[in-house]
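Let me begin by presenting the structure, written as structure tokens, before commenting on it.
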Amino acid sequence: MNTELQTPLTWVQIVMDLVVQSLLFIFTAYIVYLSFSHSAFLFAWHPALLTIGTIGGVLSTAGFIAILAHKFVNDKHHFHTYHAIVGLITFILTALVGVGGVWTKYSYNLRQYLRPVLAKLIHGALG
0 MNTELQTPLT WVQIVMDLVV QSLLFIFTAY IVYLSFSHSA FLFAWHPALL
50 TIGTIGGVLS TAGFIAILAH KFVNDKHHFH TYHAIVGLIT FILTALVGVG
100 GVWTKYSYNL RQYLRPVLAK LIHGALG
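Numbering (numbering that gives the first Met the number 0), first residue to last: 0 to 126.
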């Protein structure tokens with residue numbers, strides 16, 4: 000049961016939300032257009048989806064920090080619902096996939112810790 004008070008959105012919040020969503024959509028659509036207009040079809044999915052994933056990762060991190068701050072400031076329990084637990088697990092796994100992608104990019108330089116072929120195989124299987 001949610002006992003927090005909900006305040007209605009103001010027209011400024013609604014307009015700002017629409018502006019931000021529109022700008023993100025335009026940016027993503029532009030990247031997708033560039034990806035498919037200048038490269039091979041199958042490879043074109045990589046920069047397009049990577050851009051969408053990066054935007055999603057940044058926004059997910061901001062949302063995660065915002066809800067944690069809200070819980071701490073208001074002295075509320077956190078990670079007590081299935082929604083919160085699944086969200087935390089998803090956030091951690093997504094971060095690990097991102098780290099794996101960076102590791103794979105620099106796998107030759109990090110070869111003393113993990114063979115590049117194995118790094119690429121793990122990243123391909125998980126992310």
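Each residue gets a CB set at the ideal place from its N, CA and C atoms; glycine is no exception.
Practice task
Could you work out which residue in Leu17, Ala118, Gly100 and Ser21 is closest to proline 46 when comparing CA atoms only?
Solution key: Closest option to proline 46, Cα to Cα, is Gly100.
Problem - Top-ranked residue by Cα proximity to isoleucine 54, from His79, Tyr32 and Ala28 - result: Relative to the Cα of isoleucine 54, the nearest Cα in the group His79, Tyr32 and Ala28 belongs to Ala28.
Practice task
Mind checking which residues open and close the alpha helix (DSSP H) that includes phenylalanine 35?
Solution key: For phenylalanine 35, the enclosing alpha helix (DSSP H) starts and ends at 10 to 36.
Handout entry: Nearest-angstrom Cα separation, counted from serine 21 out to isoleucine 51
Key = Straight-line Cα distance between these residues: approximately 14 angstroms.
Practice task
Using three-state DSSP, classify leucine 49 as helix, strand or coil.
Solution key: It is helical.
Handout entry: Rounded C-alpha distance that separates phenylalanine 147 from glutamine 12
Key = Given that the chain is displayed from residue 0 to residue 126, the structure contains no residue 147 and the question cannot be resolved.
Practice task
For threonine 103, count neighbouring Cβ atoms within 10 angstroms of its own Cβ and tell me buried if that reaches 16, exposed if not.
Solution key: Classification of threonine 103: buried, given that the 10 Å Cβ count is 16 or more.
Practice task
Can you have a look at serine 36 and say buried or exposed, based on whether 16 or more other CB atoms are within 10 angstroms of its CB?
Solution key: With fewer than 16 other Cβ atoms inside 10 Å of its own Cβ, serine 36 counts as exposed.
Handout entry: leucine 95, enclosing alpha helix (DSSP H) - first and last residue
Key = Leucine 95 -> alpha helix (DSSP H) spans 81 to 104.
Exercise for the section: With a 10 Å radius around its C-beta and 16 neighbouring C-beta atoms as the bar for buried, classify alanine 118 as buried or exposed. Expected result: In summary, alanine 118 is buried, with 16 or more beta-carbon neighbours lying within 10 Å of its beta-carbon over all protein chains present.
Handout entry: Whole-angstrom distance between histidine 76 and leucine 33, CA atom to CA atom
Key = When the Cα atoms are used, leucine 33 and histidine 76 turn out to be separated by approximately 45 angstroms.
Practice task
Determine contact between the stretch 83 to 96 and the stretch 55 to 68, defined as no fewer than three beta-carbon pairs at a distance below 8 angstroms.
Solution key: Touching, per the Cβ criterion.
Handout entry: Opening and closing residue of the alpha helix (DSSP H) in which proline 115 lies
Key = Boundaries of the alpha helix (DSSP H) around proline 115: 115 to 125.
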